[in-house]
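Each remark here refers to the structure printed beneath this line.
Residue numbers (our numbering): 1 to 88.
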């Protein structure tokens, strides 16, 4: 979507946290693998850019990736994964 489409950007900014909250039970239990797989999907070689300033284009993925709520909900499984990797 384009930068000039303010209503769409506002709606997306409001709905991304709602979608994250709906999926929060899954994210708390298995957030790290899901987040890593999602980031691999977004940053793959064939993928379009999530933020293109030249064309004035921003992707919905930008709001998901920069969401502090997503990072916070994935934190428990990330810390467990770090503890498990240290003990090996």
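Even for Gly, the Cβ is constructed at its ideal location relative to N, Cα and C.
Given this structure, state the Cα-to-Cα distance separating residue i from residue j, to the nearest angstrom.
i: residue 96; j: residue 45; result: Residue 96 lies beyond the range of the chain shown here (1 to 88); nothing can be said about it.
i: residue 64; j: residue 70; result: 7 Å
i: residue 10; j: residue 38; result: 23 Å
i: residue 62; j: residue 16; result: 10 Å
i: residue 77; j: residue 31; result: 6 Å
Taking the beta carbon of residue i as the centre, do at least 16 other beta carbons fall within 10 Å, making it buried, or is it exposed?
i: residue 56; result: exposed
i: residue 35; result: buried
i: residue 80; result: exposed
i: residue 18; result: exposed
For the ligand PLP, any of its heavy atoms closer than 7 Å to the Cβ of residue i?
i: residue 79; result: You won't find the ligand PLP in this model; it holds no ligand whatsoever.
So residue i and residue j are supposed to be a Cβ contact under 8 Å. How far apart are they, rounded?
i: residue 50; j: residue 42; result: 6 Å
Continuous alpha helix (DSSP H) assignments of at least 4 residues falling wholly in the stretch 44-83: 60-65
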